[in-house]
Amino acid sequence: MKSSRNPVADVMVLLALLLALLLPTRSYRHWVEFGPQQQVITQNPKMGVHTRLTDEVEPWKIQRTLEMVRQMGAPWIVEYFLWAAHEPQRGVYDWGHADLVIDHAVNQGLTVIARLGYVPEWARPPRTNHLYLDATGYDDFARFAAAFAEHFQGRVKQIIIWNEPNLSQEWGFRPVDPAGYAELLCRVYPAVKAANPDVQILAGALAPTLAPPGSEWGLNDLDYLQQMYDAGAGPCFDILAAHAYGWTFSPDDPPSADAVNFRRVELLRDIMARNGDAAKQVMITEGGWNDHPRWTKAVRPAERVQYTLRAYEKALRDWPWVDSLAIWAFRYPRPTGTYQDYYTLVGGDFQPKRIYLETQAYAQGLRSQEAQP
Amino acid sequence: MTRRRWAIVALLLLVALLAGLLVRRTLLGSGDRTWARIRQTGVWRVGMDPSFPPFENLDGVTGLPAGFDVDLARVIAARWGVRAEFVGVGFDQLMDAVVANRVDSAISALTVAPHRTEEMRFSEPYLEAGMVLAVPESSRLRPALEAVGGRSGEPAMAEVAQPLAGQRVVAEWGSEGDALARRLQAQVNGDLRLVLRNSTDDALRAVLAGEADVAIVDAISLALFAGDGGSLVAVGQPLRSDPYAIVVPKHAPELLRQVNEALAALRDDGTLAAPTGAVATCCILTFSRCFPACSPASSMTAS
């Protein structure tokens, strides 16, 4: 190869080539254009979905997911942000992927409720589960939550602290500990408010379960919530996050302490009221129905559509204390090959399921929630 | 000490080391503590979510776990001379329960999850439960559909769609079969008539009644339908593959080897049909309790 007469020029060309190769790998943003600011058009402003973008790598898929949520008519999304991914070393933050998700969501006109959890290795004892966080790590988590709230100031206004802490698995395979969770909340709350007073702290996100006291797998959500209050959690959250799964029951089935159904959330609401928190709102951050052909807690696809639309309508008309209802789950990055796939509204290839199309028609006022498919 | 004596001592040490390793491998299974404990206690702790018939559910009379996965665990345990003990675990928690060593294995209609192989190990698949095309045994479409997709792997939708052009394809409204049918329809520019029914069984009945040429359903629904006397067969490769496998801890290589050996033996003796390839009707499983119309290829010795 013939060299140029100017070695400086050669070096500059080489550097430019290297930069051209390296830059796209340093930023997610080179791959998709944001486009003009969008807004959600819907007849039901409480509609939401839980997205699953945590492990979605490709930016165009993140954008396409959020675009389809907007086109369906849901103004709210709940998304999971992993502490371990965003603070890989103590005090070292990497917001790249979270920025991408949240900026695309905001661009689509969506409001993001951010769920925080997943403990980095440096914040927990060796050989413990990624959901294990004991009291020695609470301040680290509070600092992370505050950093998150500060970084996303103006873009995220609701943060869920942990997920389903009433299940042993979600509590690092330890016995569940409502007082411990209350303490975590009360460490996080002032730290986040100091960093960003506009942020609202969501607590609970309890799994609807009938597990009795003493079960090795968890504790039922009603007892757990009361024990949270007993431990002083009340002043340490602004909104209760609730999970409302219907299983085989219609959304109008009456609530009962010994049944898991959609209206069980009303029992949580009663506990809030009994503990002086009637003025606080509830956000349903997971919920809905499954339509697998054989799972014993599933319904038929047509019933799922009917129940889901009725649930959205119920949140809008009957539950003024509910701000939003997020259906689990919009789309999985990859199929699980199990009945879990039958919770989604959109296939992995972005093909909309019937439930997506019917929900979209409902949001546009083209379909009544009572109509049969 | 002379050089020769040193050599003899070194040789003896080497032999002792090798003998020790051999004994350890024999007794403990390559340092596999899970397998060693199963052997020592005579109990194999199997996690499952008993809410998924016909694979695992609670028997209405006895309240005990019953179903295909329960039978499978018992048959494997019996081969090892141990007892399968079932632990009810919520589905969401099953894989993590294995990782956390709360159970020795999970058998609960779990599919191989390649993205989780860093944390756990999956056995060879024991059953294919994916979405299939079902036609009458005498269907003229069989040769063309069986030729699609070669011997293994999910076939391309465009390839499957060609023989279906101009045909009537039935599925349950809103189901996975409905979604796949709409994708196939798009591949042939709409030249495929989509017939929708209110349930999977109604969709299969529509084929038997001549109201549709092909149904798209999951392999297990088809097997159950066939078990009830419906004479439809699956053709070609699954449109979407869902291979069920047994999950074991990452650091349990001997347990994994034993599980795979047991599955291979069950396949060889006909207790368990091959999990890949074209899915037959009821005889993808030969456990008569799950599929009453099947004839067990071998007698079970479940404990």
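Sequence order for the protein chains is A and B.
Heads up: the first sequence begins at 691 in my numbering, then just goes up one per residue.
Heads up: the second sequence begins at -4 in my numbering, then just goes up one per residue.
Note that beta-carbon positions come from the ideal geometry of N, C-alpha and C, so glycine has one too.
Does any CB atom of chain B fall closer than 8 angstroms to the CB of residue 863 of chain A?
For the purposes of this step, residue 863 of chain A is taken as residue 173 along the first sequence, with counting starting at 1. Taking Cβ atoms only, chain B reaches closer than 8 angstroms to residue 863 of chain A, which makes this a yes.
Compute the distance between the beta-carbons of residue 198 of chain B and residue 165 of chain B, then report whether it is under 8 angstroms.
Position 203 of the second sequence, counting from 1, holds the residue named residue 198 of chain B. Position 170 of the second sequence, counting from 1, holds the residue named residue 165 of chain B. Contact flag set, yes.
Which residues mark the beginning and the end of the alpha helix (DSSP H) in which residue 1049 of chain A is found?
Here residue 1049 of chain A corresponds to residue number 359 of the first sequence, with the count starting at 1. Where residue 1049 of chain A is concerned, the enclosing alpha helix (DSSP H) stretches over 1044 to 1053.
Could you name the residues of chain A that residue 173 of chain B contacts, counting a contact when the two beta carbons are closer than 9 angstroms?
Numbered from 1 along the second sequence, position 178 holds the residue referred to as residue 173 of chain B. Per Cβ cutoff of 9 angstroms: 991, 1043 and 1044.
Would you say residue 859 of chain A reaches chain B, if we count a Cβ-Cβ gap shorter than 8 angstroms as a contact?
Locating residue 859 of chain A in the first sequence gives position 169, where the first residue counts as 1. Cβ-Cβ to chain B under 8 angstroms: yes for residue 859 of chain A.
Are the CB atoms of residue 759 of chain A and residue 803 of chain A nearer to each other than 8 angstroms?
If you number the first sequence from 1, residue 759 of chain A lands on position 69. If you number the first sequence from 1, residue 803 of chain A lands on position 113. Not closer than 8 angstroms, so no.
Taking C-beta pairs closer than 9 angstroms, name the residues in chain A that residue 215 of chain B reaches, listed in chain order.
Within the second sequence, the letter at position 220 stands for residue 215 of chain B. 983 and 984, listed in chain order.
Closer than 8 angstroms, CB to CB, is residue 1029 of chain A near chain B or not?
By 1-based counting over the first sequence, the position of residue 1029 of chain A is 339. It does: the Cβ of residue 1029 of chain A has a partner Cβ on chain B nearer than 8 angstroms.
Checking 8 angstroms against the spacing of the C-beta atoms, do residue 850 of chain A and residue 835 of chain A come in under that value?
Residue numbering aside, residue 850 of chain A sits at position 160 when the first sequence is read from its first letter. Residue numbering aside, residue 835 of chain A sits at position 145 when the first sequence is read from its first letter. Not closer than 8 angstroms, so no.
Output needed in chain order: residues of the region 907 to 921 of chain A with a Cβ under 8 angstroms from some Cβ in chain B.
Hits within the stretch, in order: 907.
When DSSP builds the beta bridges, which residues end up paired with residue 805 of chain A?
Within the first sequence, numbered from 1, the residue matching residue 805 of chain A stands at position 115. Residue 805 of chain A is bridged to A:770 and A:850.
Residue 1053 of chain A: buried (16+ other C-beta within 10 angstroms of its C-beta) or exposed?
In the first sequence, residue 1053 of chain A corresponds to position 363, counting from 1. Its Cβ being crowded by 16 or more others within 10 Å, residue 1053 of chain A is buried.
What is the rounded straight-line gap between the Cα of residue 120 of chain B and the Cα of residue 241 of chain B?
Mapped onto the second sequence, residue 120 of chain B falls at position 125. Mapped onto the second sequence, residue 241 of chain B falls at position 246. One C-alpha to the other measures close to 8 angstroms.
Counting contacts by CB-CB distance shorter than 8 angstroms, is residue 269 of chain B in contact with chain A?
If you number the second sequence from 1, residue 269 of chain B lands on position 274. Caution is warranted here: a pLDDT of 47 is assigned to residue 269 of chain B, below 50, making its placement in the model unreliable, and the coordinate value is therefore given only provisionally. Answer no: the Cβ-Cβ gap between residue 269 of chain B and chain A never drops below 8 angstroms.
Please go through the region 908 to 958 of chain A and give each complete alpha helix (DSSP H) segment of 4 or more residues, from N-terminal end onward.
You should have 911 to 920.
Just the Cα atoms here: how many angstroms apart are residue 264 of chain B and residue 71 of chain B?
Mapped onto the second sequence, residue 264 of chain B falls at position 269. Mapped onto the second sequence, residue 71 of chain B falls at position 76. Cα-Cα distance, rounded: 13 angstroms.
Given residue 772 of chain A, which residues of its chain have a CB within under 8 angstroms of its CB, disregarding the five upstream and five downstream residues?
In the first sequence, the residue the question calls residue 772 of chain A occupies position 82. Cβ within range, chain order: 744, 807 and 808.
Contact check, residue 169 of chain B vs residue 995 of chain A under 8 angstroms by CB: the rounded distance?
Residue 169 of chain B sits at position 174 when you count from the first residue of the second sequence. Residue 995 of chain A sits at position 305 when you count from the first residue of the first sequence. Rounded, the Cβ-Cβ distance is 6 angstroms, consistent with contact.
Helix, strand or coil for residue 753 of chain A, going by three-state DSSP, please let me know.
The residue you call residue 753 of chain A lines up with position 63 of the first sequence. Reduced to three states, the DSSP call for residue 753 of chain A is helix.
Would residue 184 of chain B be called buried (16 or more neighbouring beta carbons within 10 Å of its own) or exposed?
On the second sequence, residue 184 of chain B is found 189 positions in, with the first residue counted as 1. When all chains shown are included, residue 184 of chain B counts as exposed.
Using 8 angstroms for Cβ pairs, my map puts residue 152 of chain B next to residue 179 of chain B. What's the rounded Cβ distance?
Start at 1 with the first residue of the second sequence, and residue 152 of chain B comes out as number 157. Start at 1 with the first residue of the second sequence, and residue 179 of chain B comes out as number 184. Right, their Cβ atoms sit about 6 angstroms apart.
If we ignore side chains and look at the alpha-carbon of each, how far apart do residue 111 of chain B and residue 869 of chain A end up?
Position 116 of the second sequence, counting from 1, holds the residue named residue 111 of chain B. Position 179 of the first sequence, counting from 1, holds the residue named residue 869 of chain A. Residue 111 of chain B and residue 869 of chain A: Cα-Cα distance of roughly 33 angstroms.
Determine whether the Cβ of residue 950 of chain A lies closer than 8 angstroms to any Cβ atom of chain B.
In the first sequence, counting from the first residue as 1, residue 950 of chain A sits at position 260. No, its Cβ sits nowhere closer than 8 angstroms to a Cβ of chain B.
Could you give the distance in angstroms between the alpha-carbon of residue 247 of chain B and the alpha-carbon of residue 14 of chain B?
On the second sequence, residue 247 of chain B is found 252 positions in, with the first residue counted as 1. On the second sequence, residue 14 of chain B is found 19 positions in, with the first residue counted as 1. Rounded to the nearest angstrom, the two C-alpha atoms are 22 angstroms apart.
Is there a C-beta anywhere in chain B that falls below 8 angstroms from the one on residue 1037 of chain A?
In the first sequence, residue 1037 of chain A corresponds to position 347, counting from 1. Yes, contact with chain B.
Less than 8 angstroms separating the beta-carbons of residue 249 of chain B and residue 30 of chain B?
As a working note, residue 249 of chain B is residue 254 in the second sequence. As a working note, residue 30 of chain B is residue 35 in the second sequence. Contact: yes.
Using a Cβ cut-off of 7 angstroms, which residues of the region 802 to 824 of chain A contact any Cβ in chain B, in chain order?
Residues 819.
With a cut-off of 8 angstroms, does the C-beta of residue 1034 of chain A fall near any C-beta of chain B?
Counting from 1 along the first sequence, the entry for residue 1034 of chain A is found at position 344. Cβ-Cβ to chain B under 8 angstroms: no for residue 1034 of chain A.
Once DSSP output is grouped into helix, strand and coil, what is the label at residue 239 of chain B?
The residue you call residue 239 of chain B lines up with position 244 of the second sequence. Note: residue 239 of chain B maps to strand in three-state DSSP.
Determine the DSSP secondary structure at residue 97 of chain B, reduced to helix, strand or coil.
Taking the second sequence and counting its residues from 1, one reaches residue 97 of chain B at position 102. Coil at residue 97 of chain B, not helix or strand.
Could you pull the DSSP bridge partners for residue 106 of chain B from this structure?
If you number the second sequence from 1, residue 106 of chain B lands on position 111. According to DSSP, residue 106 of chain B bridges with B:239.
Where residue 1039 of chain A and residue 163 of chain B are concerned, what is the direct C-alpha to C-alpha distance, given to the nearest angstrom?
Mapped onto the first sequence, residue 1039 of chain A falls at position 349. Mapped onto the second sequence, residue 163 of chain B falls at position 168. For residue 1039 of chain A and residue 163 of chain B, the distance between alpha carbons rounds to 24 angstroms.
Quick check on this structure: which residue in A:757, A:839, A:782 and A:952 has the alpha carbon closest to the alpha carbon of residue 933 of chain A?
Locating residue 933 of chain A in the first sequence gives position 243, counting from the first residue. Of the listed residues, the one whose Cα sits closest to residue 933 of chain A is A:952.
Judging by CA-CA distance, which residue of B:116, B:215 and B:239 is the nearest neighbour of residue 1027 of chain A?
Here the question's residue 1027 of chain A lines up with position 337 in the first sequence. When only C-alpha atoms are compared, the closest one is B:239.
For the candidate residues B:126, B:8 and B:59, whose alpha-carbon lies nearest to that of residue 228 of chain B?
Position 233 of the second sequence, counting from 1, holds the residue named residue 228 of chain B. Looking at the Cα atoms, B:126 is the closest of the given residues.
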